[in-house]
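Numbering (the working numbering), first residue to last: 29 to 155. Worksheet: one structure, shown below.
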DNA sequence: CGCTTGACCGGAA
DNA sequence: ATTCCGGCCAAGC
C-alpha cells in the first residue's frame, strides 16, 4: 500500500467531511466519487490524485467528527468495505431505507448525484 | 529501529 | 463475474 494521506490532511479532510454532510438521508456516495468532487490539492500531481484520492477520502472518513453521516460513503462496487463496524454501517443504511441485494447497493438507484442534485427535480417539473 | 497495517480503485488475467 | 496486483507512504506498536 502507500500514500494514504494527502499533503495537508487537515484541509483535505475538512473538505471531505463538508461534502459528506450534504449527502441526503437514504442516498450514498462512493469514496472515489467524493475524491472527484474535491479539487486536486495544490502541489499534487493529477495522476497521483486520481490514483490515491479515494484512499485519502477513506482516511478522512476514519477520522470524521460525530456530525458526519459516514455510513453514506461506500466503495465503488456499491458494497461496504470490510472492517470492524461494517455491520453497523449496513444496519444504519437499511434503517434509511436502502436495500441490499447480495451485500450490494444498487448505485444506479441510490447513489447521490452530487451537490445541486436537488435542482434536478425542479427541471423535471417543467413537464 | 523494523515490521505491520491501512473505510480504494481500475485495469489485467 | 471474480480474483489479483500495483501504487511504494507513515503512524503505531
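Yeah, the Cβ is synthetic: ideal placement off N, Cα and C, and Gly gets one too.
Among the bridge pairs identified by DSSP, residue 48 is matched with none. Residue 88 places its beta carbon 9 Å or farther from that of residue 138.
Annotated three-state conformation of residue 58 is strand, per DSSP.
Three or more Cβ pairs drawn from the segment 75 to 93 and the segment 43 to 62 lie within less than 8 Å of each other, which places the two stretches in contact.
Contact between the segment 65 to 78 and the segment 38 to 54 is present, with at least three C-beta pairs closer than 8 Å. Residues of the same chain with a CB within less than 6 Å of the CB of residue 53, apart from the 5 flanking positions on each side, are 124 in chain order. Distance from the CA atom of residue 55 to the CA atom of residue 75, rounded to whole angstroms, is 29 Å.
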